[in-house]
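Visitor:
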Amino acid sequence: MILLDGKKTSGEIKQEIAAKVIELKAQGKKTPHLAAVIVGANGASVTYVNAKVKACEKVGFESTLVQLPEDVSESDLLAKIDELNNDDQIDGFIVQLPLPDHIDEHKVTLAVAPNKDVDGFHPENLGRMVLDLPGFLPATPYGIVQLLDRYDIETSGKDCVVIGRSHIVGSPMSILMARNNKVGNCTVTLTHSRTKNLKEITQKADIIIVALGKAEYLTADMVKDGAVVVDVGITRVDDPSKKSGFRLLGDVKFDEVAPKCSYITPVPGGVGPMTIASLMMNTLLAVEMK
Ligand code: NAD
940 MILLDGKKTS GEIKQEIAAK VIELKAQGKK TPHLAAVIVG ANGASVTYVN
990 AKVKACEKVG FESTLVQLPE DVSESDLLAK IDELNNDDQI DGFIVQLPLP
1040 DHIDEHKVTL AVAPNKDVDG FHPENLGRMV LDLPGFLPAT PYGIVQLLDR
1090 YDIETSGKDC VVIGRSHIVG SPMSILMARN NKVGNCTVTL THSRTKNLKE
1140 ITQKADIIIV ALGKAEYLTA DMVKDGAVVV DVGITRVDDP SKKSGFRLLG
1190 DVKFDEVAPK CSYITPVPGG VGPMTIASLM MNTLLAVEMK
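If you want it as structure tokens, here you go:
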């Protein structure tokens, strides 16, 4: 079993990006600038956003954190997005999800200018992905593709099962794995909460990408020997022995699944850091596309 080390791989990608930033600066070009908008103070969201801002600093990007109160009105949030869309200093920005219930996430996604949508959530970028046109790929699926690519994992002709059909992970992931690309050319089965006999489906899979948000859902009996398993899930569970008071669990019962796998991602240290690396890659792309 080989661990798909997202921490190490994202570190390598960040080094490459940092070198490009130095190059841009030497050419007298603008330093890439990423902004992140966060609404409220949800613990996990704050952690993710801070990690993204910190990653920007590490690669030499400029970053701006826009913190809005939990009770910010939808119109005020949309006005902020409009401001960022029209700010020439900002190359790309993200609005951290989830948003409070009184804000329509679709409206927010549509409000972000497609050429600054470095999370790759806008319908224009999703459409570009489907048509295999240049654009921003959704950060988490893009990170997974990068991870499989950099570990040289053969995907062509393989049976790939994606568990979960969210708009930000499962659905775009299924499209990327079926595209005619180096990482791609799989026969993809997209499964979800209404799927019957999931176990029978996953047992036949060469590659399983799990993104349903249920801790330790994928067990050893659901996986065939030699499978590649990518675990997107992140669930916080109480753990008084930790300083933070919690630990993170993936959607895969790692200890029993890992010995059967040819490759597997850990949680933490797998897909999470790759998502951040993708955001950096997309921000660099935003600058290059200008
Ligand atoms: P979501 O809640 O939007 O979607 C979950 C999907 O799982 C749904 O499509 C649902 O149909 C499916 N599902 C639910 N129960 C199922 C079952 N029993 N069998 C099969 N499918 C089932 O989730 P999401 O936003 O895609 O996130 C999924 C997980 O990934 C969460 O734990 C989230 O925290 C994590 N996540 C991690 C990263 C990262 O960077 N590592 C990024 C995004 C999301």
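According to this note's numbering, the sequence shown is numbered sequentially starting from 940.
Even glycine gets a Cβ: it sits at the ideal position worked out from N, Cα and C.
1) Look at the alpha carbon of residue 1070 and the alpha carbon of residue 1210, and state the distance between them as a whole number of angstroms.
2) At the level of alpha carbons, what is the spacing between residue 1088 and residue 1120?
3) Would residue 956 and residue 1213 be called neighbours here (beta carbons separated by less than 7 Å)?
4) Would you mind reading off the limits of the alpha helix (DSSP H) that contains residue 1045?
5) Is the Cβ-Cβ distance between residue 1222 and residue 1086 less than 7 Å?
6) Quick one: is the Cβ of residue 949 within less than 6 Å of any heavy atom of the ligand NAD?
7) Can you have a look at residue 1155 and say buried or exposed, based on whether 16 or more other CB atoms are within 10 angstroms of its CB?
8) Excluding sequence positions up to five away, which residues of its chain have a Cβ less than 6 Å from the Cβ of residue 1192?
9) Compute the beta-carbon to beta-carbon distance between residue 1141 and residue 1162, rounded to the nearest angstrom, for a pair I have assumed lies under 8 Å.
10) In whole angstroms, give me the CA-to-CA distance for residue 1146 and residue 1178.
11) Which same chain residues end up closer than 6 Å to residue 1081 when comparing Cβ atoms and leaving out the 5 residues on each side of it in sequence?
12) For residue 1186, write down the residues that DSSP places opposite it in a beta bridge.
13) Cβ atoms of residue 1078 and residue 1029: under 7 Å apart, would you say?
Guide: Reading it off the structure:
1) The residue given as residue 1070 occupies position 131 in the sequence shown. The residue given as residue 1210 occupies position 271 in the sequence shown. C-alpha separation (whole angstroms): 25 Å.
2) For the purposes of this step, residue 1088 is taken as the residue at position 149 of the sequence shown. For the purposes of this step, residue 1120 is taken as the residue at position 181 of the sequence shown. Approximately 10 Å, taken between the alpha carbons.
3) The sequence position of residue 956 within the sequence shown is 17, counting from 1. The sequence position of residue 1213 within the sequence shown is 274, counting from 1. No; because the gap between Cβ atoms is not below 7 Å, this pair is not in contact.
4) For the purposes of this step, residue 1045 is identified with residue 106 of the sequence shown, where counting begins at 1. Unbroken alpha helix (DSSP H) run through residue 1045: 1044-1050.
5) Taking the sequence shown and counting its residues from 1, the one referred to as residue 1222 is at position 283. Taking the sequence shown and counting its residues from 1, the one referred to as residue 1086 is at position 147. Contact flag unset, no.
6) The residue labelled residue 949 in the question sits at position 10 within the sequence shown. It does not: the Cβ of residue 949 is nowhere closer than 6 Å to a heavy atom of the ligand NAD.
7) The sequence position of residue 1155 within the sequence shown is 216, counting from 1. By the neighbour-count rule (16 or more Cβ atoms within 10 Å), residue 1155 is buried.
8) Counted from its first residue, the sequence shown places residue 1192 at position 253. Once the five neighbours on either side are set aside, the close Cβ partners of residue 1192 are 1155, 1158.
9) Counting from one through the sequence shown, the residue named residue 1141 turns up at place 202. Counting from one through the sequence shown, the residue named residue 1162 turns up at place 223. 6 Å between Cβ atoms; contact.
10) Residue mapping note: residue 1146 aligns to position 207 of the sequence shown, counting from 1. Residue mapping note: residue 1178 aligns to position 239 of the sequence shown, counting from 1. The alpha-carbon atoms of residue 1146 and residue 1178 are separated by roughly 31 Å.
11) Locating residue 1081 in the sequence shown gives position 142, where the first residue counts as 1. Excluding positions up to five away in sequence, the list reads 1217.
12) Start at 1 with the first residue of the sequence shown, and residue 1186 comes out as number 247. For residue 1186, which the question treats as bridged, DSSP gives the partners 1176.
13) Sequence index remark: in the sequence shown, residue 1029 carries index 90 (1-based). Sequence index remark: in the sequence shown, residue 1078 carries index 139 (1-based). Going by C-beta atoms, residue 1029 is not nearer than 7 Å to residue 1078.
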